[in-house]
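Below: the structure, in structure tokens.
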Amino acid sequence: MNQSPLTVLAVYRVAEKSQSDFFRILLEKRAYFLKANFVTARDPVLLRSNTNPEFLIDVFEWASEDAIERAHIDPVVLRLWSAMEDLWIDGGLGLGQLPESDEAFAGFQTIVI
Numbered sequence: 002m003n004q005s006p007l008t009v010l011a012v013y014r015v016a017e018k019s020q021s022d023f024f025r026i027l028l029e030k031r032a033y034f035l036k037a038n039f040v041t042a043r044d045p046v047l048l049r050s051n052t053n054p055e056f057l058i059d060v061f062e063w064a065s066e067d068a069i070e071r072a073h074i075d076p077v078v079l080r081l082w083s084a085m086e087d088l089w090i091d092g093g094l095g096l097g098q099l100p101e102s103d104e105a106f107a108g109f110q111t112i113v114i
């Protein structure tokens, strides 16, 4: 199993009216992930689609594949993910589902939360 950090792009579709609540949960998730050593200290980047502002990309760095496995059975993480799921239209999307997926140099808005 690879124990090196792994950068991921988590794609969500969240109605604009629900995004402030979604961002609050992302901040809570980040704090817990750091405390539990699931992610590295590298700052995450949150992006919003220029084409459809409902599409968000959360770019962050897992500490290792082992950390990913541990997170997937952690009750606090499962609660946070459930709260996120309650707010999104869809989540866990592939990059091909982004409106910008066919663009050679796709541009996104950086969101600061």
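Counting from 2, one number per residue, gives the positions in the sequence shown under our numbering. A virtual CB, placed ideally from N, CA and C, is assigned to each residue, including glycine.
Reduced DSSP secondary structure (H/G/I, E/B, other) of residue i
{"i": "residue 86", "result": "helix"}
{"i": "residue 55", "result": "coil"}
{"i": "residue 43", "result": "coil"}
{"i": "residue 68", "result": "helix"}
{"i": "residue 60", "result": "strand"}
Candidates the options: closest to residue i by CA position
{"i": "residue 42", "options": "62, 57, 51, 90", "result": "62"}
{"i": "residue 19", "options": "99, 93, 89", "result": "89"}
{"i": "residue 9", "options": "86, 91, 46, 16", "result": "46"}
Beta-carbon proximity of residue i to residue j, cut-off 9 Å
{"i": "residue 109", "j": "residue 51", "result": "yes"}
{"i": "residue 68", "j": "residue 39", "result": "yes"}
Exposed unless 16 or more other CB atoms sit within 10 angstroms - verdict on residue i
{"i": "residue 27", "result": "buried"}
Is it the case that the region 76 to 87 contacts the region 45 to 60, given that we only count it when at least three CB pairs across the two stretches are under 8 Å? no
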